[in-house]
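First comes the structure, then the notes that go with it.
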């Protein structure tokens, strides 16, 4: 496995996204919006670009609570490619036609400002075809003393 392949593999892992980000190195632009690739579970092999906006919800002397909320490009919502993939894989079983695709990520993480590491957090990922299929994944983590 070469370095490029290793990094591509790590970028698909939630652990990597949460722990090895701009907060770890205390980057000056750590609160800026950014993009993250999401690998679809409904449409295997499809990579979706999520635009992530961040908000500072709470701040104390040594901890901050950050909320991250994603959005997808509007053209993906009615994607003909996704509609075709849906028609082939899901429509024969569900008997409903393709409506609208959406993928979203919501993350709330408490960071230790002194160590620049996450202490606890919740991540929710929802991928869906509106009114047809919904795949919901919820992660919770916390620092163990």
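Numbering (the working numbering), first residue to last: 526 to 670.
Virtual Cβ for every residue (Gly too), placed ideally from N, Cα, C.
Please read all numbers here as calculations on a predicted model, not as lab measurements.
Helix, strand or coil at residue i according to DSSP, with G and I counted as helix
{"i": "residue 647", "result": "strand"}
{"i": "residue 607", "result": "helix"}
Identified DSSP bridge partners for residue i
{"i": "residue 592", "result": "580 and 633"}
{"i": "residue 572", "result": "564"}
{"i": "residue 658", "result": "654"}
{"i": "residue 623", "result": "Paired residues: none, contrary to the question."}
{"i": "residue 664", "result": "648"}
{"i": "residue 628", "result": "652"}
Rounded Cβ spacing between residue i and residue j (contact assumed at less than 8 angstroms)
{"i": "residue 569", "j": "residue 593", "result": "The Cβ separation is near 25 angstroms, so there is no contact."}
{"i": "residue 631", "j": "residue 646", "result": "About 11 angstroms; that fails the 8 angstroms criterion."}
{"i": "residue 603", "j": "residue 571", "result": "Actually they are not in contact, since the Cβ atoms of residue 603 and residue 571 sit about 15 angstroms apart, beyond 8 angstroms."}
task = Give a yes or no on contact between the region 578-592 and the region 604-615, applying the rule of three or more CB pairs nearer than 8 angstroms.
result = no
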